[in-house]
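Inspection log for the structure reproduced underneath, given as structure tokens.
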Amino acid sequence: MSILFRYVAREMLAASLMTMLVLVSLFTFFDFLAELTHAHRAEYTPMVAAMFVAMNVPARLYELMPLSLLIGGLFAWSRLSVSSEFSVMRTAGLATSRLLIWMVALGMAIGGVTLLFGEYVTPYAERAAQQMKIRATSGIVAQEFPTGLWAKDGGTFINIRELHPDASLVDVRLYEFDAEFNLKLMRRAETAKWRDGQWMLHQVTETRVDETGTRSDTLDSLAWASAVNPDLLAVLMVNPERMAISALHAYIGHLEENRQDAQRYAIAFWNKLAYPVSAPVMLVLALVFAFHPPRQGGAGGRLLSGILIGLGFYLGSRVSGQLAMLRDWPAYAPAILPILLFGLAAFVALWWVERR
6 MSILFRYVAR EMLAASLMTM LVLVSLFTFF DFLAELTHAH RAEYTPMVAA MFVAMNVPAR
66 LYELMPLSLL IGGLFAWSRL SVSSEFSVMR TAGLATSRLL IWMVALGMAI GGVTLLFGEY
126 VTPYAERAAQ QMKIRATSGI VAQEFPTGLW AKDGGTFINI RELHPDASLV DVRLYEFDAE
186 FNLKLMRRAE TAKWRDGQWM LHQVTETRVD ETGTRSDTLD SLAWASAVNP DLLAVLMVNP
246 ERMAISALHA YIGHLEENRQ DAQRYAIAFW NKLAYPVSAP VMLVLALVFA FHPPRQGGAG
306 GRLLSGILIG LGFYLGSRVS GQLAMLRDWP AYAPAILPIL LFGLAAFVAL WWVERR
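With our numbering applied, the sequence shown corresponds to residues 6 to 361, in that order.
Below you can see the structure in the form of structure tokens.
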């Protein structure tokens, strides 16, 4: 590893980290303002809202990585160009191919760190944040265990073995206790769907417990009113885009075994695998702007162009995912397509400025 590579890498990282700090601070501030609209309960104070937003910072760091690298790279190359350091490097014989290799190598290293961060930090931080918010806003205590989701609503303990994205429930178990914590009623439903402000339990087995013993009944359907509603369950669920790769892989296998639609989770799985590759693509795009002569000005225009390119990549990834679900494309297509398009554009632009 040459001294010059370490110097360039240090400049890229410093500028990207500073950009990341600014962007995360800005987005976090807007998130906090949005959370203040929910801080109307005595338990959900502005301090608790601030803690919730802070616990979601890892997710913001993960999402803003490509844009931060692109803008930070633009700042770094602009500084090197203005100080004539880039011109000296080129005059000393630093080839474009070597710069390209440096940016790809640095980007892959950053992408690897991002992959680990998204696998071991982001999902757990977001889940902890959601749990804290639920306790403060609804009073419902909920936690996920290997046996499914457990929640407490008054004197009723709720166990949901499977929770689907459409808010339908599979294998629901309800345990009702009296004021002295004696079990008085057990219900088990094969499925449950939200309808008209309450849950409709289907294929229900109800067991009542009293001093005389137990008795069981079987019902085709039964209405169940609870504070645990689809909105609360949606908060409990980590978005597929922020789930760990291992969790996505396991859940996709489970859905396929039960012949259920796993397209959304498969797209998220491939996006997670391909996401680290966006780092070298963004750095190569930033390198293209380094060949612009500093005396011609236009630094503001280049920065604006970089921001628009970064936003285009972000929106393109999201739109391609939605199109894939609508058009039934292969799950890997929306993950690979934006990276291929922007990567090809970066290499073509670099070839064009080199020929100039």
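Glycine included, each C-beta is placed from N, C-alpha and C at the ideal position. Since we're looking at a predicted model, the values are computed, not measured.
- When secondary structure is reduced to three states using DSSP, residue 248 falls in the coil class, being assigned neither helix nor strand.
- Distance from the CA atom of residue 217 to the CA atom of residue 190, rounded to whole angstroms, is 14 Å.
- Shown here, residue 42 sits in coil according to DSSP, grouped into three states, outside any helix or strand.
- Within the same chain, and ignoring the five residues on either side of residue 80 in sequence, the residues whose Cβ sits closer than 6 Å to its Cβ are 20.
- About 20 Å separates the CB atoms of residue 34 and residue 137; that is not less than 8 Å, and the two are not in contact.
- For a cut-off of 8 Å, the C-beta gap from residue 330 to residue 272 is around 7 Å, short enough to register as a contact.
- Taking every protein chain shown into account, the CB of residue 52 has fewer than 16 other CB atoms within 10 angstroms, so this residue is exposed.
- Distance check between residue 60 and each of 112, 237, 128 places 128 closest, using alpha-carbon atoms only.
- Beta-carbon to beta-carbon, residue 174 and residue 181 are separated by about 17 Å, too far to satisfy the 8 Å threshold.
- Counted as a single uninterrupted DSSP element, the stretch harbouring residue 264 is not any beta strand (DSSP E), since DSSP gives it neither H nor E.
- When beta bridges are read from the DSSP output, residue 211 appears opposite 192, 222.
- Residue 278 and residue 334 have their alpha carbons spaced roughly 17 Å apart.
- By the Cβ-count criterion, residue 131 is buried, with 16 or more other Cβ atoms from all chains shown falling within 10 Å of its own Cβ.
- Contact between the region 28-43 and the region 101-119 is absent: fewer than three C-beta pairs spanning the two stretches fall below 8 Å.
- With a contact defined as Cβ atoms closer than 8 Å, residue 28 and residue 72 qualify at about 7 Å.
- For the pair residue 43 and residue 49, the Cα-to-Cα distance works out to about 8 Å.
- Assigned with DSSP and collapsed to three states, residue 68 falls in helix.
- By the Cβ-count criterion, residue 100 is exposed, with fewer than 16 other Cβ atoms from all chains shown falling within 10 Å of its own Cβ.
- DSSP, reduced to helix, strand and coil, places residue 278 within a helical segment of the structure shown.
- Between the region 227-236 and the region 200-212 there are three or more inter-stretch CB-CB distances shorter than 8 Å, so the stretches are counted as touching.
- Counting C-beta atoms within 10 angstroms of its own C-beta, residue 119 has 16 or more neighbours from the protein chains shown and is therefore classed as buried.
- A Cβ-Cβ distance of about 6 Å is found for the pair residue 283 and residue 344, placing them in contact under the 8 Å criterion.
- Residue burial annotation: residue 258 is exposed, with fewer than 16 other C-beta atoms found within 10 angstroms of its C-beta.
- Cβ-Cβ distances below 8 Å link residue 290 to 75, 78, 311, 314, 347, 350, 351, 354 in the same chain, with the five nearest sequence neighbours on each side left out; the list follows chain order.
- If you look at residue 125, you'll find it in the alpha helix (DSSP H) that goes 101-125.
- Annotation: residue 217 is outside any beta strand (DSSP E) and is labelled neither H nor E by DSSP.
- Residue 253 and residue 125 have their alpha carbons spaced roughly 13 Å apart.
- Per DSSP, the continuous alpha helix (DSSP H) segment holding residue 354 begins and ends at 338-360.
- A distance below 8 Å between beta-carbons, with the five flanking residues on each side excluded, links residue 91 to the following residues of its chain, in chain order: 82, 85, 295.
- Per DSSP, the beta-bridge partners of residue 180 are 162, 191.
- Within the DSSP secondary-structure output, residue 200 pairs in a beta bridge with 203.
- In this structure, residue 196 keeps its C-beta atom at 8 Å or more from the C-beta atom of residue 179.
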